[in-house]
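Here's the structure we're looking at; comments come further down.
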Amino acid sequence: MTFTPDNELDLLFPAALISPQVKSQLHQDVHIRPLASTDHGRGHLAVLSVLTVATDLGEAAWVAQFNAMRAAPQTYYSLVIVDKASDRIVGAGALFVERKFLRGLGSVGHIEDIAVDKQQQGKKLGIRIIDALTHISESAGCYKTILNCSDANIPFYIKCGYEKKENEMAKYA
Ligand code: ACO
15 MTFTPDNELD LLFPAALISP QVKSQLHQDV HIRPLASTDH GRGHLAVLSV LTVATDLGEA
75 AWVAQFNAMR AAPQTYYSLV IVDKASDRIV GAGALFVERK FLRGLGSVGH IEDIAVDKQQ
135 QGKKLGIRII DALTHISESA GCYKTILNCS DANIPFYIKC GYEKKENEMA KYA
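Numbering-wise, the sequence shown is residues 15 to 187 according to the working numbering.
Printed below as a string of structure tokens:
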């Protein structure tokens, strides 16, 4: 498949929110952009499966989820890195902006679901995804950006400029 430019895609959020600095730091073989409505066909779920179970319920169900996220403006920011030669997704990440009543009606950015294709790990794609999501969070006025991760990934997030704070609690249904 040939590379599809941003202006031919139906994007989750405006492409102008992607940091120009992060774009310029990326290798020319890849492109970073907001998630597009046709990205189910570019291997979005396959990339997410390096992180956890990413069951494929079919393109229509995937698109319905995309549309539900887009219907909540200024809240969901999923982005992807695409390999230009194949037009396939090789990296993905998401930011969720939570509005609060405290901190003067402040907002918090939650970074979620960071995944880089196994063949592409160690090539600085992960750090670029975090930089891009942090930029969106700070541009949206979030007073902090937070995430949960395993102990094994702590050194990666420290390289991204994050520090360890408090603990995560979980209760699975
Ligand atoms: N331990 C120590 N250092 C690490 C690790 C690690 N586990 N991972 C990356 N680094 C370092 C790299 O060596 C590099 O250091 P350098 O700048 O000194 O050369 C720096 O961090 C940046 O690394 P990248 O090349 O950008 O990392 P990569 O593209 O491989 O992405 C990621 C890292 C996202 C963790 C990737 O390995 C991955 O997809 N892993 C599987 C899924 C996963 O665990 N995702 C994170 C879940 S947490 C969440 O989603 C909030």
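Virtual Cβ for every residue (Gly too), placed ideally from N, Cα, C.
Residue i - containing alpha helix (DSSP H), residue span
| i | result |
| --- | --- |
| residue 144 | 139-153 |
| residue 158 | Per DSSP, residue 158 belongs to no alpha helix (DSSP H); it is in the beta strand (DSSP E), 158-160. |
| residue 61 | 58-62 |
Residue i - containing beta strand (DSSP E), residue span
| i | result |
| --- | --- |
| residue 32 | Residue 32 -> no beta strand (DSSP E), and no H or E assigned at all. |
| residue 44 | 44-48 |
Sub-9 Å separation of residue i and residue j beta-carbons
| i | j | result |
| --- | --- | --- |
| residue 33 | residue 184 | no |
| residue 160 | residue 123 | yes |
| residue 149 | residue 44 | no |
| residue 76 | residue 65 | no |
| residue 20 | residue 56 | no |
Counted within 10 angstroms of its Cβ, other Cβ atoms place residue i as buried (16 or more) or exposed
| i | result |
| --- | --- |
| residue 49 | buried |
| residue 80 | buried |
| residue 186 | exposed |
| residue 115 | exposed |
| residue 129 | buried |
| residue 172 | exposed |
Quiz item: What are the complete alpha helix (DSSP H) segments, minimum 4 residues, inside the segment 74-133?
Solution: 116-119
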